[in-house]
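Notes for the one structure printed next.
In the numbering used here, the protein residues as written are 1366 to 1481.
As structure tokens, then:
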């Protein structure tokens, strides 16, 4: 089992920045890909960004150039830097981990609200 604890959400004005963090504990030796999903109000959960153990990244088109995912393998932590935020980025952001045995793990979610 892998436990994920997120932090860093909040309210920010358009054009502002936030940094999300997610710390993993438990069966950390089984962690493979780490990433972030989000669920906007009234919509389905969607992929935001992923990062492999060797640092290969993948982003949804709407956040490319504005969001940056990174990870610290030594601390079993994944980060998401959100810059140039737009109202459309408002959502609950979920940390996600895929284990080497292809099990999905999810954090509890953190709210990001972009509003003036």
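Beta carbons: idealized from backbone N, C-alpha and C, even for Gly.
Within a 10 Å sphere around the beta-carbon of residue 1419 sit fewer than 16 other beta-carbons, which makes this residue exposed. For residue 1400, the uninterrupted beta strand (DSSP E) segment begins and ends at 1396-1404. Per DSSP, the beta bridge partners of residue 1437 are 1442. Rounded to the nearest whole angstrom, the CA to CA distance from residue 1466 to residue 1368 is 16 Å. For residue 1382 against residue 1448, the beta-carbon gap comes to about 5 Å, under 8 Å, which counts as contact. Annotation for residue 1477: the continuous beta strand (DSSP E) segment containing it runs 1475-1479. For residue 1453, the secondary structure class from DSSP, reduced to helix, strand or coil, is helix. Inclusion of residue 1384 and residue 1446 in the CB contact set at 8 Å is warranted, their separation being smaller than that value. Taking a 10 Å sphere around the C-beta of residue 1469, we find fewer than 16 other C-beta atoms and assign the residue as exposed.
The closest CA to that of residue 1461, considering only 1374, 1376, 1380 and 1411, is found on 1411.
For residue 1375, the uninterrupted beta strand (DSSP E) run begins and ends at 1375-1377, by DSSP.
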